[in-house]
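By UniProt numbering, the letter at position 74 of the sequence shown is numbered 74, and the numbering carries on one by one without gaps.
We put the CB at the ideal spot given by N, CA and C, even for glycine.
Note that the structure is predicted; figures quoted are calculated from it, not measured.
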Amino acid sequence: MMRRIAVLDAPTNLGLRPPTSTSVPGCGKAPGALRDHGLLARLRARDAGCLTPPRYDPGDWRPGDGVCHAREISGYSVALADRIGAIIDRGEFPLVLGGDCSVLLGSALAMHRLGEAVGGRIGLVFVDGHSDFRHPGNASYVGAAAGEDLALVTGRGQADLAAIEGRRPYFRDIDVVVLGIRAQDEYRLDLQAAGITTRPVPALRAEGAARTAQWAHEQLADCAGYWVHIDVDVLDPAVMPAVDAPDPGGIAFAELEILLAGLVDTPHCLGVELTVFDPDYDPEGAYAAEIVNTVVAGLAPVSAPSALPPRLLPADPVAPAARPGNGRGAELPVPRAPETARPGSAGPAEPTGPSGVSSRPVDGSAGPSGVSSRPDDGSTGSAPVGVGSLIGPVALSAPVGAGVPIGPGSAAAADDSRAGDVDGAGDGGPADATTPVAALPDPSAPGRLRRVPVAEEALPAEAVPGRLRRVVDDGPRHPGTDIA
Numbered sequence: 001m002m003r004r005i006a007v008l009d010a011p012t013n014l015g016l017r018p019p020t021s022t023s024v025p026g027c028g029k030a031p032g033a034l035r036d037h038g039l040l041a042r043l044r045a046r047d048a049g050c051l052t053p054p055r056y057d058p059g060d061w062r063p064g065d066g067v068c069h070a071r072e073i074s075g076y077s078v079a080l081a082d083r084i085g086a087i088i089d090r091g092e093f094p095l096v097l098g099g100d101c102s103v104l105l106g107s108a109l110a111m112h113r114l115g116e117a118v119g120g121r122i123g124l125v126f127v128d129g130h131s132d133f134r135h136p137g138n139a140s141y142v143g144a145a146a147g148e149d150l151a152l153v154t155g156r157g158q159a160d161l162a163a164i165e166g167r168r169p170y171f172r173d174i175d176v177v178v179l180g181i182r183a184q185d186e187y188r189l190d191l192q193a194a195g196i197t198t199r200p201v202p203a204l205r206a207e208g209a210a211r212t213a214q215w216a217h218e219q220l221a222d223c224a225g226y227w228v229h230i231d232v233d234v235l236d237p238a239v240m241p242a243v244d245a246p247d248p249g250g251i252a253f254a255e256l257e258i259l260l261a262g263l264v265d266t267p268h269c270l271g272v273e274l275t276v277f278d279p280d281y282d283p284e285g286a287y288a289a290e291i292v293n294t295v296v297a298g299l300a301p302v303s304a305p306s307a308l309p310p311r312l313l314p315a316d317p318v319a320p321a322a323r324p325g326n327g328r329g330a331e332l333p334v335p336r337a338p339e340t341a342r343p344g345s346a347g348p349a350e351p352t353g354p355s356g357v358s359s360r361p362v363d364g365s366a367g368p369s370g371v372s373s374r375p376d377d378g379s380t381g382s383a384p385v386g387v388g389s390l391i392g393p394v395a396l397s398a399p400v401g402a403g404v405p406i407g408p409g410s411a412a413a414a415d416d417s418r419a420g421d422v423d424g425a426g427d428g429g430p431a432d433a434t435t436p437v438a439a440l441p442d443p444s445a446p447g448r449l450r451r452v453p454v455a456e457e458a459l460p461a462e463a464v465p466g467r468l469r470r471v472v473d474d475g476p477r478h479p480g481t482d483i484a
């Protein structure tokens, strides 16, 4: 059963400072520009409408006054959370078109509500060229929510934005994975100190986009589900200059397509938001067209006939123990589940870097799976790729029950017939007490966990189709507006 995509416009620019004293940020025009290039028709998506934001008016705001437009952003976030929740309740897959990165507050609020409703934790995959982690604890002042959104949704900052409805934080630090920030990001050490798992561009490129998506799944294995945030400034400005704060050293469109496809190709991905594209810097519409091409290809797994409906894993299926670096515990290695290449795939080849040249080690060194496992690639978190990848928490005695279905008929969709079947055999019997096992999603029963023996074999990595593209690092730049 395919998952239907519902497209919701969130054309807010309240989280940005004005480019000049007499102008308004243009990213509020992004949803219309993407629709003009046939996004909904090509996705065969339902039109979920547009949530009109309050008027953009910084007034006499000055540094030191707190976050600009805070009251308006707070109210808009509540309304956006309502709309996202309604889409998920219909069993649909929300695609939210921003707008600036302050839309994440509304999405985060919706995810926290959902996690509370199902008794579990929801994670966040944060794909962005910047960490957006500025907050009063590491900066002299704050001001633009679009440069502070990750800090706010993890509970840092003023309460009227970081604790809407008394919920704080919306995402726990250990339930956040940051992908695509630049290696020199100003707040990368703050992320590390907070225990937030990161994979900057050099590490993402070294391991490949498909493997990075799988790695992100692994980091969030104890979450009931997760939301995906994509800021298009994760792309290199040579291929995507139409953003408010372009920085060199980003990824290519082909890499973003593969990464997105890998992240959404699971019923535990609950939705995606797209932010910061500014049509004012795209008068010919060429970049809008490329974004649409990438999003349509990247979301193909969601609407594929074989796609599974969204389901949430049971709440806290395994209690996580402390792990070095971010507070999670040591986990036994288990093999990655085998995947079949998607139709049209030429194999597991990854796109090259912006220069068109592979960034893999030139000395031929590789990890156990043939993939470079350099310790200096900038990534944090302890799960390697290849043999012994940590693809789920250890479950030696926890019972495995039905997943939590969401959407129409969810009560009837829940099947308790396998509750207590801890060995995955369908007989309700216990697992062999002498064999270490791990909890994994059961493909034969979506939303459930199955127990599998721990092994040390490397299984084939998922092959995801992509296209190669040559780009360079010296693209056009213009003044950023997401920092106060």
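- Going by DSSP, Pro94 is part of the beta strand (DSSP E) stretching over 93-98.
- Counted as a single uninterrupted DSSP element, the beta strand (DSSP E) harbouring Phe126 occupies residues 122-127.
- Around the Cβ of Ser107, a 10 Å sphere holds 16 or more other Cβ atoms; the residue is buried.
- When Cβ pairs closer than 8 Å are counted between the two stretches, the segment 157-166 is seen not to touch the segment 199-213, the count staying below three.
- For the segment 210-281, the continuous beta strand (DSSP E) assignments of 3+ residues that do not extend past its boundaries occur at 225-231, 269-275, in sequence order.
- Here the alpha carbon of Gly250 sits roughly 6 Å from the alpha carbon of Val234.
- Ile122 has its alpha-carbon roughly 7 Å from the corresponding atom of Trp227.
- Shown here, Ile174 sits in a helix according to DSSP, grouped into three states.
- Per the coordinates, the alpha-carbon of Phe93 lies some 18 Å from the alpha-carbon of His217.
- Around the beta carbon of Tyr187, 16 or more other beta carbons sit within 10 angstroms, so the residue counts as buried.
- The Cβ neighbour count for Glu116, taken over all protein chains shown within 10 Å, is under 16; the residue is labelled exposed.
- With contacts defined by Cβ atoms closer than 8 Å, Ile87 and Ala144 do not form a contacting pair.
- Asp132 and Leu105 do not touch by the CB rule: their CB atoms are close to 11 Å apart, not below 8 Å.
- The residue from Asp82, Leu43, Arg17 with its alpha-carbon nearest to that of Pro63 is Arg17.
- According to DSSP, Asp36 shares a beta bridge with no other residue.
- A contact is defined here as three or more CB-CB pairs under 8 Å, and the segment 19-38 meets this definition with respect to the segment 279-297.
- Ala41 is the residue among Val239, Tyr141, Arg71, Ala41 whose C-alpha sits nearest the C-alpha of Arg4.
- Here Arg168 carries a coil assignment [DSSP, helix/strand/coil].
- Contact annotation: Gly129 and Gly49 have beta-carbon atoms that are not nearer than 8 Å.
- In terms of CA proximity to Leu124, Glu273 leads the group Arg55, Arg167, Glu273.
- Judged by pairs of C-beta atoms under 8 Å, the segment 189-196 does not touch the segment 235-249, as fewer than three such pairs exist.
- The continuous alpha helix (DSSP H) containing Ala297 extends over residues 286-298.
- Cα atoms of Ile164 and Leu220: separation of roughly 24 Å, rounded to the nearest angstrom.
- Put simply, the backbone Cα of Leu51 is about 16 Å away from that of Ala33.
- Relative to the Cα of Leu97, the nearest Cα in the group Ala45, Gly66, Val118 belongs to Ala45.
- Of the candidates His229, Met240, Arg182, Arg182 places its Cα closest to the Cα of Pro202.
- Judged by beta-carbon spacing, Gly59 lies beyond the 8 Å limit of Ala146, meaning their Cβ atoms are not closer than that value.
- DSSP lists Val127, Arg199 as the beta-bridge partner residues of Leu179.
- Separation of the CB atoms of Thr275 and Cys101 is rounded to 5 Å, and the pair is thereby assigned contact status at 8 Å.
- If you look at Leu16, you'll find it isn't in any beta strand (DSSP E); DSSP assigns it neither H nor E.
- A direct Cα-Cα distance of roughly 39 Å separates Gly166 from Pro248.
- For Asp190, the enclosing alpha helix (DSSP H) begins and ends at 188-194.
- Contact annotation: Leu109 and Ala224 have beta-carbon atoms that are not nearer than 8 Å.
- In this structure, Pro19 and Pro53 do not form a Cβ contact; the two beta carbons are roughly 18 Å apart against a cut-off of 8 Å.
- Secondary structure of Leu8 (DSSP, three-state): strand.
- Between the C-alpha atoms of Arg71 and Ile258 there is a straight-line separation of about 37 Å.
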